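Enquirer: Residue numbers (the working numbering), protein chains in the order written: chain A, 23 to 258; chain B, 617 to 1206. Dropping the structure in here first, questions after.
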């Protein structure tokens, strides 16, 4: 796998009337590099290639992209996990407008995140020290708070592709449940009532692409199921 | 002039990491017209990578814990050039700032009694070093930075902070009186360049670990605020003080938290020996980071390193058991598998000291006000300029930062800067507007890149810079090697000044951002190199073969690097805390 053939999505709004795929030959020197390392090598060949990156260790969520058909983080995806037949195809996250090359406009994704009021709400006066929380109650936040907002899940979700303006999407709903599940949050009823309409939550069809692609191993589908249960219990 | 569009704010905060977001939150609540300008979406900032926790005497693990003990540890850890008024402020205000974070929703791990979980970290003691190891680091598993950064971002959303996300600050704008009155900034998405006018400009731009070839730092940590301040002619403090974290993953450089050793892990050499017992008989693996890093390098140099090349050591965690690893260190398990191909429940992790943190930075007081020196060597406030977080040097970390103190620094001094700026704005701030030529001056470097027609490439020059720093200014330093390093950097500066930006396009041009970042790396590297060469002693993280001892007669001082003359001067350390007795310098042992 010394010479890797990489096909990458290119689009510069100033010069290109339409996007196209560009072929690169990358010499990996036989190493099992991360996909992000391969992008760096490609950028040395063509400094114009645009992609986002920051922490390079899978915690900042900058470099979500589509690698040989599957969403993931380039910085923690080794070539041995994705390359097939010596070939790698890189595309931006599906379903969001492309700004340039691998860089997408995340606006709609962030808007859905903001919609669920992603902050703790508790109107009782705060004590002089911390609010107490039992380890068991704190355990309920595991698998929820670790989300890095990389958008791999929402941009792999057909329901989000169809209704990005109305369906909150797996990332936003996971965060919604992160606050619903927090013993310190008192806005449960308000949070649930915001999700009652046919789109915000109920557009989830249980396809589970979100679970398959989450680079942090989180399970938005389960969180969505929990919210459904809470809504049901609230209604009866 | 000027055809630049201008944006006007009461306060502009450059950087969307922990300190910037904490400052912004304070100002947003006050109703001042504030914006956070960040080159990445805020939750991509490097604070997100902090793992082990935030050190603070909240008296949870130990109901008798005392912030004064924490202050003692901090001053000792900094090898006595931490400013004691600043350390006092951080350690005493700390609990308030941590409880605020909890009230905002930060999902801290918990003890059975429902209080915040605290773990032992390096350099922590009870009763001023007399009472044994303390457990003072508040943690959200090993993802504390992530939890903290997201919580702060979320609360800024709640308080309607204005964000200029994916905007890049290019240079400071000064008026005729040398007051800072804003900056030049570029919207990365469109390439538009604007003049941001502001009565308070806060540098919250974080560290610059990318001056080294091997670092735990994110790719974005290029010292942009330091570069801007140096180009504006302002001095930098203690730039020779760089922390090498004992446990970067060998080869990849990614961080493995000190919390691993706090939870009971330890380092071993190729013979399987727990070698820290020899170097620090009391604290062992939880000695100061500088001490542990040096001990590791000694082991390697003396032929007891691990692996085929004998160039690293091992961090042993398997004895902790899967339950502790899964509960307290889940992120480390993930990182080890990904970057070292090791399951720490079964095998030790190969680690090596790796550049981690910049103790130096923009000298400030506890309110975040940036400081320079007048002709007589007296402190002088720089009007309009503030700094907080890793970009600032308050200095609470002195010559070596304690683990868990960086997150506390971010929130305490981000908050303090916000409070001070709110008060100053209420009292009224009036600076002369920048003239056309002032703005053109700040545009010079941007124009230089945009007009470049040939020359060397940015990535090649960056790699060369990183190699020089790695080879001449690492864990151990000595005169000859550093003199060569300084010369090489001077030559490199000429070449960087003539380097080429081939891609002049506007839309999301990351090559332009990387070119602008290279100038900042250059500034930080040169300040570091000259300060390291001139400080002729060993103190904290600055360790010299040719001057192996601490020299309190000549160097119980901050260093101050002046960019115009490339001179290094000295500045007094504060030994006057307000409510406790001075901690007098002692021999530092663990």
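The beta-carbon is built from N, C-alpha and C at its ideal position, and this holds for glycine as well. Predicted model only: the values in this text are computed from it and were never measured.
Within 8 Å (strictly less), CB to CB, does residue 1154 of chain B reach chain A?
Expert: Not one chain A Cβ lies under 8 Å of residue 1154 of chain B.
Enquirer: Would you list, in chain order, the members of the segment 27-42 of chain A that have their beta-carbon closer than 9 Å to a beta-carbon of chain B?
Expert: Of all residues in the segment 27-42 of chain A, 34, 35, 36, 37 have a Cβ within less than 9 Å of some Cβ in chain B.
Enquirer: Given a cut-off of 8 Å on the beta-carbon distance, is the pair residue 1112 of chain B and residue 1134 of chain B in contact?
Expert: Yes, they are a contact pair.
Enquirer: What does the alpha-carbon distance come out to for the pair residue 691 of chain B and residue 857 of chain B?
Expert: In a straight line, the C-alpha of residue 691 of chain B is about 15 Å away from that of residue 857 of chain B.
Enquirer: Any beta carbon from chain A within less than 8 Å of residue 1224 of chain B's own beta carbon?
Expert: The structure shown does not extend to residue 1224 of chain B, since chain B is modelled only from 617 through 1206, so no value can be given for it.
Enquirer: Taking the Cβ atom as the reference point for each residue, do residue 574 of chain B and residue 732 of chain B lie within a distance shorter than 8 Å?
Expert: Residue 574 of chain B lies beyond the range of chain B shown here (617 to 1206); nothing can be said about it.
Enquirer: Ordered along the chain, which non-local residues of its own chain (more than five positions away) have a Cβ less than 8 Å from that of residue 704 of chain B?
Expert: Cβ neighbours of residue 704 of chain B beyond the five flanking positions: 687, 1193, 1194, 1195, 1196.
Enquirer: Along chain B, in chain order, which residues have C-beta atoms closer than 9 Å to that of residue 157 of chain A?
Expert: Simply 725, 726, 727, 728, 730, 733.
Enquirer: Cβ of residue 999 of chain B within 8 Å of Cβ of residue 1140 of chain B?
Expert: No, Cβ-Cβ distance for residue 999 of chain B and residue 1140 of chain B is not below 8 Å.
Enquirer: Taking only runs of the beta strand (DSSP E) that begin and end inside the segment 815-872 of chain B, which ones reach a length of at least 3 residues, in chain order?
Expert: Within the segment 815-872 of chain B, the complete beta strand (DSSP E) runs of at least 3 residues are 858-865.
Enquirer: At a Cβ threshold of 8 Å, is residue 665 of chain B touching chain A?
Expert: Closer than 8 Å: yes.
Enquirer: Looking at C-alpha atoms only, which residue of B:1179, B:966, B:1059 is the closest neighbour of residue 619 of chain B?
Expert: Checking every option, the nearest Cα to that of residue 619 of chain B belongs to B:1059.
Enquirer: Among residues of its own chain, excluding the 5 on either side of residue 1088 of chain B, which ones have a beta-carbon nearer than 6 Å to its beta-carbon?
Expert: The residues are 1097, 1098, 1101.
Enquirer: From the beta carbon of residue 1075 of chain B, is the nearest beta carbon of chain A less than 8 Å away?
Expert: At least one chain A Cβ lies under 8 Å of residue 1075 of chain B.
Enquirer: Excluding the five sequence neighbours on either side, which residues of its own chain have a C-beta within less than 6 Å of the C-beta of residue 990 of chain B, listed in chain order?
Expert: Only 996 meet the Cβ criterion.
Enquirer: Are the C-beta atoms of residue 66 of chain A and some chain B residue less than 8 Å apart?
Expert: So, interface residue.
Enquirer: Within its chain, find whatever has a CB closer than 8 Å to the CB of residue 617 of chain B; leave out the 5 residues flanking it on each side and keep chain order.
Expert: Note on residue 617 of chain B: pLDDT 47, under 50, position unreliable in the model; no value is reported.
Enquirer: Suppose only complete runs of 4+ residues qualify. What are the alpha helix (DSSP H) ranges in the segment 77-136 of chain A, listed by chain order?
Expert: 101-104, all fully within the segment 77-136 of chain A.
Enquirer: My output table needs one value for residue 249 of chain A: the three-state DSSP class, helix, strand or coil.
Expert: Note: residue 249 of chain A maps to helix in three-state DSSP.
Enquirer: Out of A:34, A:74, A:79, A:29, which has the shortest C-alpha to C-alpha gap to residue 580 of chain B?
Expert: Any answer about residue 580 of chain B is impossible in this case: the structure gives chain B only from 617 up to 1206.
Enquirer: Strictly below 9 Å CB to CB, what residues from chain B border residue 154 of chain A?
Expert: Residues of chain B passing the Cβ test: 726, 729, 730, 731.
Enquirer: Is any beta-carbon of chain B found at less than 8 Å from that of residue 254 of chain A?
Expert: No, no contact with chain B.
Enquirer: If we cut at 8 Å on Cβ distances, does residue 72 of chain A have a partner in chain B?
Expert: Output row for residue 72 of chain A: interface = yes.
Enquirer: When you compare only the Cα positions, how much space is there between residue 715 of chain B and residue 623 of chain B?
Expert: Using only the alpha carbons, I get a separation of about 35 Å.
Enquirer: Which class does residue 690 of chain B belong to by DSSP, given the choice of helix, strand or coil?
Expert: In this structure, residue 690 of chain B counts as helix in the three-state DSSP scheme.
Enquirer: Within its chain, find whatever has a CB closer than 7 Å to the CB of residue 717 of chain B; leave out the 5 residues flanking it on each side and keep chain order.
Expert: Correct list, in chain order: 764, 767, 1027.
Enquirer: Of the residues A:117, A:98, A:206, which one's Cα is nearest the Cα of residue 60 of chain A?
Expert: Residue A:98 is the option with its Cα nearest to residue 60 of chain A.
Enquirer: Going by the beta-carbon positions, is the gap between residue 646 of chain B and residue 1004 of chain B smaller than 8 Å?
Expert: No.
Enquirer: Taking Cβ to Cβ, would you say residue 672 of chain B is nearer than 8 Å to residue 752 of chain B?
Expert: A contact, by the Cβ cut-off of 8 Å.
Enquirer: Would you list the one or two residues that DSSP bridges to residue 928 of chain B?
Expert: For residue 928 of chain B, which the question treats as bridged, DSSP gives the partners B:922.
Enquirer: Look at the alpha carbon of residue 247 of chain A and the alpha carbon of residue 73 of chain A, and state the distance between them as a whole number of angstroms.
Expert: Going by the C-alpha atoms only, they are around 34 Å apart.
Enquirer: Between which two residues does the beta strand (DSSP E) holding residue 627 of chain B run?
Expert: Unbroken beta strand (DSSP E) run through residue 627 of chain B: 621-630.
Enquirer: Excluding the 5 residues preceding and the 5 following residue 879 of chain B in the sequence, name in chain order all residues of the same chain whose CB lies nearer than 7 Å to its CB.
Expert: These residues qualify, in order along the chain: 735, 936, 940, 944, 945.
Enquirer: Kindly indicate which residue of B:985, B:979, B:923, B:933 has the alpha-carbon position closest to the one of residue 962 of chain B.
Expert: Cα-wise, what sits closest to residue 962 of chain B is B:933.
Enquirer: Ignoring anything shorter than 4 residues or poking outside the segment 152-234 of chain A, list the alpha helix (DSSP H) runs there in chain order.
Expert: Complete alpha helix (DSSP H) runs here, min 4: 157-161, 180-184, 191-202, 210-215.
Enquirer: Label residue 1169 of chain B either buried or exposed according to how many other C-beta atoms from any shown protein chain fall within 10 Å of its C-beta, with 16 as the threshold for buried.
Expert: When all chains shown are included, residue 1169 of chain B counts as exposed.
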